[in-house]
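Just so you know, the numbering used here puts 50 at position 54 of the sequence shown, and the rest follows in order with no gaps. The block underneath contains the structure these notes are about, expressed in structure tokens.
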Amino acid sequence: MKIVILGSGNGSNAEAILRSAAEGQLDNTSIVGVFSDVEESKILIHSKKYNVPARFLFPGGKNSIIMQEEENYWINELKVLKPDLIVLAGFMRILSKKFLEAFNYRVINLHPSLLPSFPGLNSIEQAFNKKVKITGCTVHWVNVDIDDGEIIAQAPVRIMTDDVLELVKQKVQAAEHMLLPWVIRDLANGTISFPE
Ligand code: GAR
């Protein structure tokens, strides 16, 4: 299974995938490329450490989407690598129908809450401020609606009464670092099926 990872930020989840692969925990999987819409994203540094080709691709302006002209370029650059799966690991732009169709909707996203609770941005803060007692993270198939696709897997995280926000963020991230490689492993070994 050839994987392309897209990310915009710290890249800790991309690093968790790269580490799992390097440790031999992701059989039949090869990470063929990592791309970011943010030139200074740490995801590019992590990937190079693992000798995985990593590049910034210009997304066309400060928007929450990839602009139309640039989108063709993104699609072409990714298609060359013939990915079986695209993993959004902290990728902060919304993908269009055209993009998703170009890859047969074989795109998964990691989200830092138990969807359908707290979609959108700042989900950990939203859960913390609501004083929920259990939050977590979700991996789901991506469709054209934000954080709305079919849920593949979730991991729960307890919020204790004396937890501060920073601790909850760390707990959610730790859960993410386990969940995302597990989902990739199970997609590669057929335990989880791809969409028709
Ligand atoms: C992760 O917590 C991920 O769930 C979140 O961004 C973070 C990226 O961290 N994604 C979203 O909020 C997507 N809507 P990382 O760059 O350290 O992997």
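Glycine included, each C-beta is placed from N, C-alpha and C at the ideal position. Model, not experiment: these values are computed from the prediction.
Residue environment analysis places ASP33 among the buried positions, since at least 16 neighbouring C-beta atoms fall within 10 angstroms of its C-beta.
Take VAL140, set aside five residues on each side of it, and the residues of its chain with a beta-carbon closer than 6 Å to its own are LYS93, in chain order. Residue environment for ARG154: exposed (fewer than 16 other C-beta atoms within 10 angstroms of its C-beta). Within 10 angstroms of the beta-carbon of LEU117 lie fewer than 16 other beta-carbons, which makes it exposed.
Distances between the C-beta of GLU172 and the heavy atoms of the ligand GAR include at least one below 7 Å.
In terms of Cβ geometry, ASN9 and LEU106 form a close pair [threshold 8 Å].
Counting the other Cβ atoms within 10 Å of the Cβ of GLY29 gives 16 or more, which makes it buried. Closer than 7 Å to some heavy atom of the ligand GAR: that does not describe the Cβ of GLN122. Its chain contains ILE120, ALA123, PHE124, THR131, VAL153, ILE155 as the residues whose beta carbon lies nearer than 8 Å to that of VAL164, once the 5 sequence neighbours on both sides are disregarded; these appear in chain order. Counting along the chain, the unbroken alpha helix (DSSP H) around ALA171 starts and ends at 161 to 184. Non-local beta-carbon contacts of ILE82 in its own chain, meaning distances under 6 Å to residues more than five positions away in sequence, involve VAL0, PHE99, VAL103 in chain order. Here DSSP, grouped into helix, strand and coil, assigns ARG89 to coil.
The nearest non-hydrogen atom of the ligand GAR is less than 7 Å from the C-beta of ALA10.
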